[in-house]
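Visitor: The sequence shown lines up with residues 610 to 838 when you count with my numbering.
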Amino acid sequence: MVYSSKEEQDARTAEEKRDPVMGSIFRGPQGLFPQLDGEYMSRIFIGQSTAQTTGIGGHMYGRFIPTVERGSIDLTNGRIAKWNQELLYVGGFLARLVYEQEIRKVWDAWPTVNGVAVLTGDARAAASREKASYAMRYFTSQPSTPDAKVSKILQDAFYDCFDYSSNVYFPILTNSGICHTKDVREIHPDFTSFMKLVLHNFRRHLATHLIWLTLSLRSMVYGCTRFQT
């Protein structure tokens, strides 16, 4: 899987602004760096890129078996489909590993005052906030095309990394820094006048990504929320 850090993405964006016409191995549908919000989405590679998108921010390469026209990977024909599904599942585990590592780096570097993490909206947390937001956007699963099953398999593997016997759950960005989902609440709007809001909502489009990720945790998250309340 190809993962590019926020610094790498920013450097590539700056390069494209300086030389918008010049070709680059990092640009276009065959480019090494896909665009999170641009024209060229991340794809499955079998040697060269296919028409199949991954649904996350990074390209994915493996010994997949393609369809006859090599436009996608075969997820319909018996043992071939099983082989491709297992490879995608490994890709989902790998994506989760990278996400955990990147979020942990941000968590460890989050600024504190007297041992307490500063609020996400604080100017001192700006750099950490942007890095965490980038990682969440990178691994937020979107419908893949032309076969939507690709992103579904990757997403299932990504969230199946949970150890239900432990207290360590999915780390996400909130308005109090990085927190595990077991410690996050979205309170009723009627209570906002006297209760501290925990969900990160300082930017609307990022809140949408956060809610999408939280909902993707399915019943486990809400089960934990009920038991922890």
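In this text, a Cβ means the ideal position worked out from N, Cα and C, and glycines have one as well.
In whole angstroms, give me the CA-to-CA distance for D765 and Y698.
Guide: Approximately 8 Å between the Cα atoms of the pair.
Visitor: As a quick exercise: from A623, A726 and Y649, pick the residue whose alpha carbon is nearest that of S785.
Guide: Selected option, being the one with the closest Cα: A726.
Visitor: Taking only the alpha-carbon atoms, compute the straight-line gap between H809 and Y778 and give it to the nearest angstrom.
Guide: Summary for H809: the model assigns pLDDT 40, below 50, so the residue's position carries little reliability; its value from the coordinates is reported in the next sentence. Going by the C-alpha atoms only, they are around 17 Å apart.
Visitor: So for R652, helix, strand or coil by DSSP?
Guide: Of the three classes helix, strand and coil, the one that applies to R652 here is strand, per DSSP.
Visitor: Check the DSSP bridge columns for L782 and list the partner residues they point to.
Guide: According to DSSP, which records beta bridges pairwise, L782 is partnered with I787.
Visitor: Report all residues from its chain with a CB closer than 8 Å to the CB of K626; omit the five preceding and five following residues, and keep chain order.
Guide: Closer than 8 Å at the Cβ level, and outside the excluded window around K626, lies no residue.
Visitor: Do I787 and A741 have their C-beta atoms within less than 8 Å of each other?
Guide: Yes.
Visitor: Given this structure, state the Cα-to-Cα distance separating K761 from N723, to the nearest angstrom.
Guide: So the two alpha carbons sit approximately 43 Å from each other.
Visitor: Just the C-alpha distance for A839 and K714, rounded to the nearest angstrom, thanks.
Guide: Past the boundaries of the shown model lies residue 839; the chain is included only from 610 to 838, so the question cannot be answered.
Visitor: Take L782 as the anchor and find which of T754, Q661, Y743 and T622 has the nearest alpha-carbon.
Guide: Measuring from the Cα of L782, the nearest candidate turns out to be Y743.
Visitor: Looking only at its chain, what residues have a beta carbon closer than 8 Å to the beta carbon of T729, apart from the 5 residues adjacent to it on each side?
Guide: Same-chain partners within the cutoff: R738, L782, T783, N784, S785, G786, H809 and F811.
Visitor: Please give the ranges of any alpha helix (DSSP H) in the stretch 676-740, keeping only runs that are unbroken, at least 4 residues long and fully inside the region.
Guide: Complete alpha helix (DSSP H) runs here, min 4: 687-718.
Visitor: Using CA coordinates, which residue listed in Q710, T790, S753 and T676 is at the minimum distance from S651?
Guide: Comparing Cα-Cα distances from S651 to each of Q710, T790, S753 and T676, the minimum goes to S753.
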